[in-house]
Amino acid sequence: MSGFERRPKRKLASEMNVVPYIDVMLVLLVIFMITAPLLQTGVEVSLPEGSGQIDNKDEAPVVVTVSRDNRLYLSIADDPKQAIARETAVQLLQTSLGNNPTLKVHVAADQGIEYGEVMASIEWLKQVGVTRVGLVTKPVE
118 MSGFERRPKR KLASEMNVVP YIDVMLVLLV IFMITAPLLQ TGVEVSLPEG
168 SGQIDNKDEA PVVVTVSRDN RLYLSIADDP KQAIARETAV QLLQTSLGNN
218 PTLKVHVAAD QGIEYGEVMA SIEWLKQVGV TRVGLVTKPV E
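Quick note, the working numbering runs 117 ahead of the 1-based positions in the sequence shown.
So, in structure tokens, the structure goes:
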């Protein structure tokens, strides 16, 4: 048995080689650095959809709806929505605010109108005296 030489066993490397992972991470970093500025300027947004909290209080909210053709609809409590002029809406809202100073008004704006029109409606409500305004959105599917 002297013909068989015993070679010393090599110790197994138990460390993980991280070089491939570093390469992948650097490639991903470069990709994100290139695409991040593009996403900020060219994203197409389809609003309004949201997953905010649902307000389930006992009081019936006042809903101001702004249609695509910029008509104003007002729904107070269980009254059906009806197209009205802003002057009439001001009178109705001020009457409702007299009965309930913490009245919450929900704005339901059509997805097709400009963002500036929605903001103009919110500013108009603030001028009337409404302090609590919420936006109505579709739930995310």
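Idealized CB from N, CA, C, for every residue including glycine. Note that the structure is a prediction, hence the values are computed from the model and not measured.
Under the DSSP assignment, Ile239 falls outside any beta strand (DSSP E), being part of the alpha helix (DSSP H) whose first and last residues are Tyr232 to Val245.
According to the DSSP assignment, Val253 belongs to no alpha helix (DSSP H), since it is labelled neither H nor E. The beta-bridge partner set that DSSP reports for Thr182 consists of Tyr190 and Ala225. The beta carbon of Asn187 sits closer than 8 Å to those of Ile230 and Glu234, all from its chain and outside the five residues before and after it, given in chain order. Approximately 6 Å separates the beta-carbon atoms of Val183 and Asp227; this is inside 8 Å, confirming the contact. When only Cα atoms are considered, Leu252 and Glu132 end up about 55 Å apart. With respect to the 8 Å criterion, Val179 and Ser192 are classified as neighbours on the basis of their beta carbons.
Lys221 and Thr212 have their C-alpha atoms roughly 14 Å apart.
With a 10 Å radius around the Cβ and a threshold of 16 neighbouring Cβ atoms, Val141 comes out exposed. Annotated as proximal: Ser238 and Val224, with beta-carbon spacing under 8 Å.
Per DSSP, the unbroken alpha helix (DSSP H) holding Asn216 starts and ends at Arg203 to Asn216.
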